[in-house]
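In full-length UniProt numbering, the protein residues as written are 1 to 120. For every residue, glycine included, the Cβ atom is placed at its ideal position computed from N, Cα and C. Small disclaimer: the values here were computed from a predicted structure and weren't measured.
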């Protein structure tokens, strides 16, 4: 028998994704704008942890809601994985060549839009 998620569970799930989305966006912004390579590495680790928590949360939500809205959760998880790969490329460029401001802006806007889509 499938159990429907109660409103308290939905609030907790929303709070989980909200907290990790905000942590992810803050770490991304601070990491891409850091001037010292040690700080770039520190923010990269925190960014990886927060986006990994988002991906794991989306996969758990996908498995839990397999009968209801699996397509939306699958698309959101795939978008998060694509953004994770783009962030790795952005941080790699930042560490090797001191970054590209245009790429950083595009990456931040894309990450913000994916974070908003994840909250829906």
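Element boundaries [alpha helix (DSSP H), containing residue 78] = 70 to 97
Going straight from the alpha carbon of residue 118 to that of residue 74, what length do you get?
-> 11 Å
Terminal residues of the continuous alpha helix (DSSP H) containing residue 104?
-> 101 to 119
For residue 87, is the classification buried or exposed, using 16 other Cβ atoms within 10 angstroms of its Cβ as the cut-off for buried?
-> buried
Helix, strand or coil at residue 51 [DSSP, three-state] | helix
Taking the alpha-carbon positions, what's the residue 59 to residue 50 distance?
-> 14 Å
What are the boundary residues of the alpha helix (DSSP H) that includes residue 15?
-> 7 to 32
Return the Cβ separation of residue 17 and residue 54 in integer angstroms, given the expectation that the two are a contact with Cβ distance under 8 Å.
-> 7 Å
Pick helix, strand or coil for residue 36, following the three-state DSSP scheme.
-> coil
Is residue 44 helix, strand or coil by DSSP?
-> helix
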